[in-house]
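If you read the sequence shown in full-length UniProt numbering, its first letter stands for residue 1, the second for the next number, and so on.
A short worksheet on the structure shown next.
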Amino acid sequence: MSGRAAGGTQAIRRVNDIVHTSIALPRPLDVLVDTVEFQRLRNVKQLGAAPYVFPSGNHSRFTHSIGTCHIAQLVLEKLKSDASLAVNAEDVICVSIAALCHDIGHGPYSHLYDGPFMAAIGKDGGWTHEAGSKAILRRMFEKEKVERALRECLGGNDEERYKRNLEFIVELISPPEKMVINGKWMCKGRPREKSFLYDIVSNVHDGFDVDKFDYVLRDSLLAGFGIRFSKESMLRVVNNIRVLPCPTLGIRRICFASKTADELLSLADSRHVLHARVYQHKTVGLIEAMIVKAFIAAEPHISFKNKNGEQFKLSDIHADYDVFCSVDDSVLQMIMTSENANLERAKSYLTAIAERDLARRVAYVECAPSQSDKLRNIGKDRIKVAQTLQKQLVELGKEYQVEDDDVYVICRRIYSGLDDYRHPMSEALVYDNKEKAPVARRLDKTWLELRASTHTTMISFALYLSRRLTENTVDFLRTEFEAALEDKGIEVRSNEGPSPKRPRTDKGDAEENNN
1 MSGRAAGGTQ AIRRVNDIVH TSIALPRPLD VLVDTVEFQR LRNVKQLGAA PYVFPSGNHS
61 RFTHSIGTCH IAQLVLEKLK SDASLAVNAE DVICVSIAAL CHDIGHGPYS HLYDGPFMAA
121 IGKDGGWTHE AGSKAILRRM FEKEKVERAL RECLGGNDEE RYKRNLEFIV ELISPPEKMV
181 INGKWMCKGR PREKSFLYDI VSNVHDGFDV DKFDYVLRDS LLAGFGIRFS KESMLRVVNN
241 IRVLPCPTLG IRRICFASKT ADELLSLADS RHVLHARVYQ HKTVGLIEAM IVKAFIAAEP
301 HISFKNKNGE QFKLSDIHAD YDVFCSVDDS VLQMIMTSEN ANLERAKSYL TAIAERDLAR
361 RVAYVECAPS QSDKLRNIGK DRIKVAQTLQ KQLVELGKEY QVEDDDVYVI CRRIYSGLDD
421 YRHPMSEALV YDNKEKAPVA RRLDKTWLEL RASTHTTMIS FALYLSRRLT ENTVDFLRTE
481 FEAALEDKGI EVRSNEGPSP KRPRTDKGDA EENNN
């Protein structure tokens with residue numbers, strides 16, 4: 001609902017949502033939603049290429065962003081109930097805006113753009129979607145209708161206060177990993193006393209934040225994939241949070257009731273499962289790699305023009321956010337419908353996806369947990385490692401007439417939510433709600449060793465080959481693939497063998513959703 005209520009007051013817009021049922025978008029959130037920058041998220045798929053395998057998972061960054069904002073408002077309501085925290089109306093608005101706009105910088109097909117595509121084209125390590133979100137937010141702040149709405153709510157008559165609030169919103173998108181350095185508070189938007197507000201949207205301490213709450217619930221529901229974590233789990237966690245002094249950092253952090261530790265663990269476990277079975281599903285990974293090849297093939301032949309007539313390649317659209325905000329997932333359709341003969345190769349990848357003419361997976365190597373220490377660097381650079389190995393196999397296969405389009409190497413890195421070294425449960429602070437004066441502490445070491453092991457990181461490599469290759473060629477490339485992994489110190493302990501042993505149709509594997 002939108003418009004004026006009786007008496008001339010501004011009515012609060014409400015939207016229906018498949019996860020949270022009903023979500024309120026009070027001013028100025030509704031004004032931000034009604035911008036070109038935010039509306040663009042309707043056409044950026046939340047799950048990238050996953051809907052090709054999980055068709056109902058076709059939801060967008062638009063709905064996830066609104067859902068994230070809703071959970072942030074639930075957290076803020078809980079914090080406001082503690083008067084000692086002095087959470088005020090401006091705090092609520094700033095955190096809500098950051099939650100709403102945290103993903104506004106995603107490129108076409110979400111993580112595919114600033115991950116595999118940028119790495120493949122040699123432009124990774126610089127721009128990220130978080131940087132994009134911050135830049136686009138600053139751009140939105142300058143829009144007349146947005147600025148007018150923000151000044152009404154964020155102390156617009158006091159310029160210093162207003163600018164501090166805007167800085168706070170931008171900081172919340174991606175807070176510094178270390179908020180305190182040599183005893184000095186590094187954030188500018190809010191003082192140390194309100195450090196806990198930085199835990200809500202993007203929690204750098206333990207990773208349990210409203211972004212994760214929403215995407216785990218939403219992605220599992222819409223992909224049709226059951227998980228342990230539920231909406232009831234989320235509400236139980238949120239309704240039992242408290243703010244307490246961190247025993248090591250000297251700041252105030254959001255702490256969780258020890259009685260909700262199982263719910264938090266189920267969130268970490270559910271994220272792990274979603275990565276293994278949905279986000280990095282074997283066929284999803286292959287289709288993503290094919291879209292990346294389509295983007296690379298199209299790169300020299302498509303461009304996007306700004307207001308001054310300057311042309312930008314797909315990999316450079318973030319250099320001008322007017323251009324960036326005009327590009328979304330429809331870029332694939334633009335390639336497919338173009339009459340430019342130079343785009344035929346790019347079209348061939350997209351046609352192969354549409355017709356399910358996919359390479360077969362002929363080898364799969366899952367690295368043993370005992371190897372995790374030596375594989376940490378490989379895991380962090382997994383995209384480059386896979387692409388290097390792919391090029392190596394193409395070169396070795398030239399005597400068998402192997403071409404670039406015949407070989408795909410995909411490396412999966414699946415961990416529990418922080419990094420390979422730390423399980424998020426080991427960094428979470430909990431308290432005993434039965435204590436009169438509760439203190440923040442970490443979970444018991446025995447509990448962590450039994451239920452939240454840091455050895456849950458899984459790194460695997462898969463080799464996919466074109467169906468046109470002969471079995472001799474397949475055997476040769478599989479052997480070279482395994483030898484290359486052994487050269488990296490990886491123990492090759494499993495190989496699934498050529499996929500023709502499994503029933504298949506002319507369109508690819510018979511059971512795409514089976515791992």
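Where a beta carbon is used, it is the ideal one built from N, C-alpha and C, also for glycine.
Between the alpha carbons of Arg139 and His106 lies a gap of roughly 15 angstroms. In the same chain as Pro176, and ignoring 5 residues on each side of it, the C-beta atoms closer than 8 angstroms to its own belong to Met186, Cys187, Val204, in chain order. The region 101-118 makes no contact with the region 253-266, as fewer than three CB pairs between them are under 8 angstroms. Arg467 sits in coil when the DSSP states are folded into three classes, being neither helix nor strand. Taking C-beta atoms as the reference points, Trp127 and His318 count as a pair closer than 7 angstroms.
Secondary structure in the region 196-234: the alpha helix (DSSP H) runs of 4 residues or longer, each lying completely within the stretch, are 210-223 in chain order.
Listed in chain order, the alpha helix (DSSP H) elements of length 4 or more contained wholly in the region 99-154 are 129-141, 144-153. The beta carbons of Asp219 and Leu274 sit about 6 angstroms from each other, so the pair counts as a contact at 8 angstroms. Around the CB of Thr248, fewer than 16 other CB atoms lie within 10 Å, so the residue is classed as exposed.
Non-local C-beta neighbours of Asp404 in its own chain, meaning closer than 7 angstroms and more than five positions away in sequence, comprise Val394, ordered along the chain. Per the C-alpha coordinates, the member of Ala298, Lys78, Ala149, Tyr52 positioned closest to Leu235 is Lys78. Judged by DSSP in its simplified three-state form, Phe54 adopts coil rather than helix or strand. About 6 angstroms separates the beta carbons of His272 and Ile414, which is inside the 8 angstroms limit, making them a contact pair. For Val243, the enclosing beta strand (DSSP E) starts and ends at 242-245. Assigned with DSSP and collapsed to three states, Ile383 falls in helix.
Judged by DSSP in its simplified three-state form, Ala257 adopts strand.
Per DSSP, reduced to three states, the secondary structure at Asp17 is strand.
Scanning its chain for C-beta atoms nearer than 8 angstroms, with the 5 sequence neighbours on each side dropped, one finds no residue around Thr479. With contact defined as three or more Cβ pairs closer than 8 angstroms, the region 333-346 and the region 276-283 are not in contact.
DSSP places Lys305 within a strand segment (E or B) once states are collapsed to three. Exposure of Lys445 is indicated by the presence of fewer than 16 other C-beta atoms within 10 angstroms of its C-beta. In this structure, Leu443 and Met458 do not form a Cβ contact; the two beta carbons are roughly 23 angstroms apart against a cut-off of 8 angstroms. Spanning the alpha carbons of Lys305 and Ala352 requires a straight line of approximately 29 angstroms. Taking each of Phe312, Val201, Arg253, Gly48 in turn and checking the Cα distance to Asn58, the smallest one comes out for Gly48. The C-alpha of Ile200 lies about 11 angstroms from the C-alpha of Cys255. Under the three-state reduction of DSSP, Val292 is assigned to helix. Runs of the alpha helix (DSSP H) lying entirely within the region 58-93 and spanning at least 4 residues, in chain order: 61-80.
In the three-state reduction of the DSSP assignment, Leu393 falls in the helix class, which pools H, G and I. Within the same chain, Leu477 come within 6 angstroms of Gly397 by CB-CB distance, once the 5 residues on both sides are set aside. In the structure shown, Ser460 adopts extended strand secondary structure according to DSSP, grouped into three states. In the three-state reduction of the DSSP assignment, Ser22 falls in the strand class. Linking Ser270 to Tyr215 through their CA atoms gives a straight-line distance of about 11 angstroms. By the beta-carbon neighbour count (other beta carbons within 10 angstroms, threshold 16), Leu217 is buried. Within the region 306-371, the complete beta strand (DSSP E) segments of 3 residues or longer fall at 360-366, listed in chain order. Contact between Phe461 and Val365 holds, with the beta-carbon distance rounding to 5 angstroms and staying under 8 angstroms. Here the alpha carbon of Leu465 sits roughly 27 angstroms from the alpha carbon of Lys45.
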